[in-house]
């Protein structure tokens, strides 16, 4: 299962790399392809709620 996630992540980054906006995307992500491979599920569990809270706060006037 983790291998599949890693492969899916690699595919996503490969698709992004094929786009003309490659450098902009990498700057936005603040991660290289190598960094992306080492993001743990515990890191993701910490990031997702924070991102969701910020989006809710920033978009509250529009919802």
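Residue numbers (the numbering used here): 75 to 137. Ideal Cβ placement from N, Cα and C applies to all residues, glycine included.
| task | Identify whether residue 117 lies in helix, strand or coil by the three-state DSSP scheme. | result | helix
| field | Assigned exposure category for residue 87 - 16 Cβ within 10 Å defines buried | value | buried
| For residue 128, which three-state DSSP category applies? | helix
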